[in-house]
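Student: First the structure, which I've put down as structure tokens, then a few questions once you've had a look.
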Amino acid sequence: MTESSKGTLYVVATPIGNLEDLSPRAAGVLAGVAVIAAEDTRHTARLLKHLSIERPLLSLHEHNEAGRVGQLSARLEGGEDVALVSDAGTPLISDPGFVLVRALRESGHRIVPVPGPCALVAALSAAGLPTDRFVFNGFLPAKRGARRNSLEALSERAETLVFYESPHRIRDSLEDIAAVLGERRVVLARELTKTFETFLDGSAEQLLERMAQDPDQARGEFVMMVAGAPPRDADAASLDGQVILQALLAEGIGVKQAAAVVSRLLGGRKKAWYELALSLKADG
Numbered sequence: 027m028t029e030s031s032k033g034t035l036y037v038v039a040t041p042i043g044n045l046e047d048l049s050p051r052a053a054g055v056l057a058g059v060a061v062i063a064a065e066d067t068r069h070t071a072r073l074l075k076h077l078s079i080e081r082p083l084l085s086l087h088e089h090n091e092a093g094r095v096g097q098l099s100a101r102l103e104g105g106e107d108v109a110l111v112s113d114a115g116t117p118l119i120s121d122p123g124f125v126l127v128r129a130l131r132e133s134g135h136r137i138v139p140v141p142g143p144c145a146l147v148a149a150l151s152a153a154g155l156p157t158d159r160f161v162f163n164g165f166l167p168a169k170r171g172a173r174r175n176s177l178e179a180l181s182e183r184a185e186t187l188v189f190y191e192s193p194h195r196i197r198d199s200l201e202d203i204a205a206v207l208g209e210r211r212v213v214l215a216r217e218l219t220k221t222f223e224t225f226l227d228g229s230a231e232q233l234l235e236r237m238a239q240d241p242d243q244a245r246g247e248f249v250m251m252v253a254g255a256p257p258r259d260a261d262a263a264s265l266d267g268q269v270i271l272q273a274l275l276a277e278g279i280g281v282k283q284a285a286a287v288v289s290r291l292l293g294g295r296k297k298a299w300y301e302l303a304l305s306l307k308a309d310g
């Protein structure tokens with residue numbers, strides 16, 4: 027079989043809320059393929075019904091993705107076109123599809139993106155934070171210790187930090203951002219393109235206060251954006267931190283607590299301040 031007679035895998039972006047955001051090209055692709063591989067077939071069936079499209083659906087999610095590779099590869103080899111969609115937005119962006127796309131590309135199959143909605147891009151475009159460079163980190167870990175470690179590892183990055191977050195963990199994540207990253211500007215994009223789309227702007231502590239006053243602001247799906255680390259004179263920061271650590275230790279503050287205070291005041295990795303505090307304490 028020649029390359030031109032094989033099928034194509036179309037990676038199709040679908041709406042993140044407002045169904046009118048689906049492009050005419052995406053609708054045409056979905057109507058024309060032999061099968062649609064969907065993260066949740068029930069969710070995609072509702073979209074197809076809205077579009078008056080009837081196409082066979084095949085589930086493809088994180089638990090069965092590897093097992094679907096051979097099946098979909100065979101269909102492409104047979105000349106059938108296939109569409110890959112997630113529940114919302116652009117597939118593979120914190121959604122299944124990477125295993126499939128990599129395997130099919132390595133096998134020489136044609137992969138064509140059909141661009142469209144993407145929550146992180148939509149959020150950044152209206153957040154008012156720098157977008158020339160940003161770091162997308164998907165979802166933060168569910169457990170507090172791992173979440174704080176992840177934030178610590180990102181604490182010195184100068185780029186805008188972008189995360190996805192769920193409503194049942196948004197308060198916990200904001201508390202950890204306040205503890206690890208301090209008073210940086212945070213922008214929350216909530217329920218993008220939907221009826222109650224909202225952008226909340228302020229420090230993590232201010233946003234927590236807003237949610238305490240209005241619990242509705244903690245509902246929905248979030249894109250969480252945090253300003254990058256401000257530029258600092260490394261030598262001056264080190265000297266200031268050493269002076270503060272010495273003062274805290276002299277007052278009987280523990281090494282761990284002293285390091286946490288300096289990290290919050292001056293930025294930088296808490297581990298580095300902890301090691302400096304240990305050294306200062308050892309020197310008396």
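If you count by my numbering, then the sequence shown holds residues 27 to 310, one letter each, in order. The beta carbon of each residue, even a glycine, is placed where N, CA and C say it ideally should be.
1) Taking its Cβ as the centre, do 16 or more other Cβ atoms sit within 10 Å of A100, making it buried, or is it exposed?
2) Output the boundary residues of the alpha helix (DSSP H) element that contains E301.
3) Take E106 as the anchor and find which of Q268, S31 and E182 has the nearest alpha-carbon.
4) Distance check for I196 and L48, CA to CA, integer angstroms please.
5) Restricting to Cα atoms, I'd like to know which of A276, G278 and G267 is closest to Y300.
6) Between the segment 38 to 52 and the segment 107 to 116, are three or more C-beta pairs nearer than 8 Å?
7) Just the Cα atoms here: how many angstroms apart are A230 and A284?
8) Enumerated in chain order, which unbroken segments of the beta strand (DSSP E) with a length of 3 residues or greater are wholly contained in the segment 142 to 226?
9) Do the segment 179 to 196 and the segment 217 to 225 meet, that is, are 3 or more Cβ pairs less than 8 Å apart?
10) Check R290 in the structure and name its three-state DSSP category.
11) Taking DSSP as the reference, what is the three-state secondary structure of R136?
12) Given a cut-off of 8 Å on the beta-carbon distance, is the pair P193 and G246 in contact?
13) Look at the alpha carbon of L180 and the alpha carbon of A204, and state the distance between them as a whole number of angstroms.
14) Thinking just about the alpha-carbon of each residue, which of L233, A53 and A215 is nearest to the one in A145?
15) So which of V252, G134, N163 and R72 has the shortest CA-CA distance to L330?
16) Starting from L83, trace the beta strand (DSSP E) both ways and give me its first and last residue.
17) Is I279 helix, strand or coil when you go by DSSP?
Tutor: Reading it off the structure:
1) Against the sequence shown, residue 100 aligns to sequence position 74. By the 10 Å Cβ count, A100 comes out exposed.
2) As a working mapping, residue 301 is identified with position 275 in the sequence shown. Taken as a continuous stretch (DSSP letters only), the alpha helix (DSSP H) holding E301 covers K296 to A308.
3) Taking the sequence shown and counting its residues from 1, the one referred to as residue 106 is at position 80. Minimum Cα distance to E106 is reached at S31.
4) The residue given as residue 48 occupies position 22 in the sequence shown. The residue given as residue 196 occupies position 170 in the sequence shown. C-alpha separation (whole angstroms): 28 Å.
5) As a first step, residue 300 must be located in the sequence shown, where it is residue number 274. Nearest of A276, G278 and G267 to Y300, Cα basis: G267.
6) Verdict: yes, contact present.
7) What you label residue 230 is simply residue 204 of the sequence shown in a count that begins at 1. What you label residue 284 is simply residue 258 of the sequence shown in a count that begins at 1. Using only the alpha carbons, I get a separation of about 22 Å.
8) Whole beta strand (DSSP E) segments, 3+ residues: 160 to 165, 186 to 191 and 212 to 216.
9) no
10) Taking the sequence shown and counting its residues from 1, the one referred to as residue 290 is at position 264. Reduced to three states, the DSSP call for R290 is helix.
11) Position 110 of the sequence shown, counted from the start, is the residue given in the question as residue 136. The answer is strand: DSSP assigns R136 an E or B state.
12) To locate residue 193, count along the sequence shown from 1; it is residue 167. To locate residue 246, count along the sequence shown from 1; it is residue 220. A contact, by the Cβ cut-off of 8 Å.
13) Counting from 1 along the sequence shown, the entry for residue 180 is found at position 154. Counting from 1 along the sequence shown, the entry for residue 204 is found at position 178. Their Cα atoms are separated by approximately 14 Å.
14) The residue labelled residue 145 in the question sits at position 119 within the sequence shown. Minimum Cα distance to A145 is reached at A215.
15) For residue 330 there is no data in the structure shown, the boundaries of the chain being 27 and 310.
16) The residue given as residue 83 occupies position 57 in the sequence shown. For L83, the uninterrupted beta strand (DSSP E) run begins and ends at L83 to S85, by DSSP.
17) On the sequence shown, position 253 is the one that residue 279 refers to. Looking at I279 - three-state DSSP - the assignment turns out to be coil, as it is neither helix nor strand.
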